[in-house]
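Reviewing the structure listed below.
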Amino acid sequence: MNEPWTLYWQADRLDSAEANHSADDAAAIQAFWCSLAAALHTGGTVIDLATGNGTVPAALLGENPDLVITGVDKADIDPVRFLSTPGELASVDFRGGTDICSLPFDDGCFDAATSQFGIEYTPLQQTIPEAVRVIVRGGVVQLLMHRASSEIVAPAATRRFEMDALLADDGVLQKLAVFVASDTPADDLEAAGQAHLASEIVRTPGISGQIFEGINQAIQLVTTSNRQGARELCATMQMRLTADRDRLQFLEDCALDKPGFDAVIKLLEANGVSTEAAGELPAGAGAADDFVIGWQYRGRKT
Ligand SMILES: C[S@@+](CC[C@H](N)C(=O)[O-])C[C@H]1O[C@@H](n2cnc3c(N)ncnc32)[C@H](O)[C@@H]1O
């Protein structure tokens, strides 16, 4: 599953939250991490699990620039290289290609373990004991996890439906692949395009709009006898859209319902963590009343 994430992080994104959550949501998330950063002493050590391009380290360092942070992720991350403005992330020890099921660190070498929309993607029976193992006694575990039907997960599902339609066997990208592969008329491609535009699914400029723009470019390349260029463009569009669709599917699959969240708390407690706070992190002011950003958790190793 990590190729989609590697592609995603190499595209200059600090954040993973699919919904482009509102400024209010971003402020709520920032406050959640700032509270931890403020509670840690100067030179305190933090391991951020499934760190992506380091959005949690950035939030922590924004509040407490003297923290010593390690960020690990299975994807091929390198935020200082892939972000146009890495800022304070230059001080973070990022370790790409690192599976958090088995952390390459000694017992008790961090003051806190954090994860934002990360640990729930992993086998928790393995990763929770690992997270607890590497923190000191008295150390903090602070997590923000996806909640099913949250402000982030619900719009992600809508976007995935749009991608599924574009990638379907009778969808425009498959018809484009046939069109650019051989000297066939564009009738099927045109029909698929019309069907997509007439369908009930939500279409967005960022997904359908960009794919239709790419299709027009591919047709143009065929018209100017550059069939190879058209094939390459079609293959790139299919590869990128499939990666994006897969990421959204992972997100929906890993989002926790209430029993799932309770099970995480139980697992943490069984591994010697005493719960200090657990529940929903409410969405920002502009959201519907019943929306939340995700599940928040804070506990201390006893
Ligand atoms: C939704 S992103 C979250 C990234 C970051 N924490 C953020 O909030 O922007 C999920 C991340 O989990 C990582 N991941 C999934 N399984 C993993 C594993 N077993 N070990 C380490 N990282 C993993 C993915 O590579 C991806 O970067």
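Sequential numbering of the sequence shown, starting at 69, is according to the numbering used here. Where is the CB? At the ideal position from N, CA and C, for every residue including glycine.
DSSP beta-bridge partners of residue i
i	result
Ile115	Thr138, Ala181
Lys369	Val341
Ala303	DSSP, once it has assigned bridges, lists no residue as partnering Ala303.
Gly362	Leu349
Met213	Trp363
Leu324	Arg215
Val208	Ala180, Arg368
C-alpha distance - residue i paired with residue j, whole-angstrom precision
i	j	result
Pro223	Arg299	32 Å
Leu151	Ala95	21 Å
Cys322	Phe329	11 Å
Leu234	Arg315	16 Å
Arg228	Gln317	7 Å
Pro147	Asn121	5 Å
Val332	Arg149	34 Å
Asp113	Arg163	The identity of residue 113 in the sequence shown is Thr, whereas the question assumes Asp. So the two alpha carbons sit approximately 15 Å from each other.
Ala351	Asp93	6 Å
Pro133	Asp167	27 Å
Arg205	Leu349	26 Å
Met69	Gln278	Note on Met69: pLDDT 47, under 50, position unreliable in the model; the coordinate value appears next. Spanning the two alpha carbons is a distance of roughly 24 Å.
Asp256	Thr195	48 Å
Val270	Leu309	16 Å
Val200	Phe359	30 Å
Pro172	Val160	16 Å
Trp363	Trp73	22 Å
Val341	Tyr365	11 Å
Asp232	Leu117	30 Å
Gly176	Val246	57 Å
His214	Ala225	13 Å
Pro273	Ala260	18 Å
Phe185	Glu268	31 Å
Residue i beta carbon near ligand 1 (any heavy atom closer than 7 Å)
i	result
Tyr189	yes
Trp73	yes
Val202	no
Cys102	no
Thr153	no
Ile168	yes
Asp141	yes
Thr123	yes
Phe359	no
Asp83	yes
Ala118	yes
Gly184	Per the sequence shown, residue 184 should be read as Gln rather than Gly. Checking the Cβ of Gln184 against ligand 1 gives yes.
Among the options, the one whose alpha carbon lies nearest that of residue i
i	options	result
Ala345	Gln288, Thr291, Gln210	Gln210
Val140	Gly130, Thr153, Val124	Val124
Asp251	Gly340, Ile287, Gly277, Phe280	Ile287
Asp237	Leu212, His264, Ala106	His264
Thr153	Gln194, Ala79, Val136, His109	Ala79
Thr292	Val248, Gly239, Ala99, Ala107	Val248
Ala181	Glu320, Leu336, Phe359, Gly274	Leu336
Ser183	Ala266, Phe280, Ser84, Pro253	Ser84
Leu135	Ile145, Gly111, Gln193	Gly111
Gly367	Val208, Asp174, Ala216, Leu104	Val208
Contact with chain C by residue i, beta-carbon distance below 8 Å
i	result
Glu268	Judged by its chain identifiers, the structure shown contains no chain C, having just a single protein chain.
(request) Could you name each continuous beta strand (DSSP E) segment of 3 residues or more that falls completely within the segment 159-205, going from the start of the chain to the end? (result) 161-163, 178-184
(message) To test your reading of the DSSP string, which unbroken alpha helix (DSSP H) runs of 4 or more residues are found completely within the segment 264-301?
(response) 278-291
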